[in-house]
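Note that the sequence shown covers residues 1 to 76 in my numbering. Just so you know, even glycine gets a beta-carbon here, dropped at the ideal spot from N, CA and C. Notes follow once the structure below has been shown.
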Amino acid sequence: MNAQFKQTAGLIKYTTELDHLNSKASFLISGTSDIGKSISQFPEKKITIYPRKIVSLSQLKLSYKELWLVKLYHHY
């Protein structure tokens, strides 16, 4: 079966507080390569290899005391 893959990932986080204003930020990136697809006719025919893929996620959170909260997200 051709169902293996390679993956590498990294995470960065940052938190700070200044005069009751809290901020948190995070960034996650993941890369995969050599992604195989398991099918019943492997390895004679229909061999499928997917290209390399990179995915990133980020989040920003801002809050002030208990008065307001804003969260922003990004996915690519």
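Checklist entry - Of all the options 23, 33, 76, 68, which has the alpha carbon lying nearest to the alpha carbon of residue 13? => result Along the sequence shown, read from residue 1 onward, the residue named residue 13 stands at position 13. Measuring from the Cα of residue 13, the nearest candidate turns out to be 23.
Checklist entry - Span of the beta strand (DSSP E) holding residue 76? => result Position 76 of the sequence shown holds residue 76. It is not in any beta strand (DSSP E) - residue 76 carries neither H nor E in the DSSP assignment.
Checklist entry - According to DSSP, is residue 27 helix, strand or coil? => result What you label residue 27 is simply residue 27 of the sequence shown in a count that begins at 1. Correct three-state label for residue 27: strand.
Checklist entry - Identify the residues that DSSP records as bridge partners of residue 17: which are they? => result The residue given as residue 17 occupies position 17 in the sequence shown. 22, per the DSSP bridge assignment.
Item to check | Alpha-carbon spacing of residue 58 relative to residue 16, whole angstroms | outcome: Taking the first residue of the sequence shown as position 1, residue 58 is located at position 58. Taking the first residue of the sequence shown as position 1, residue 16 is located at position 16. Each residue's alpha carbon lies about 17 Å from the other.
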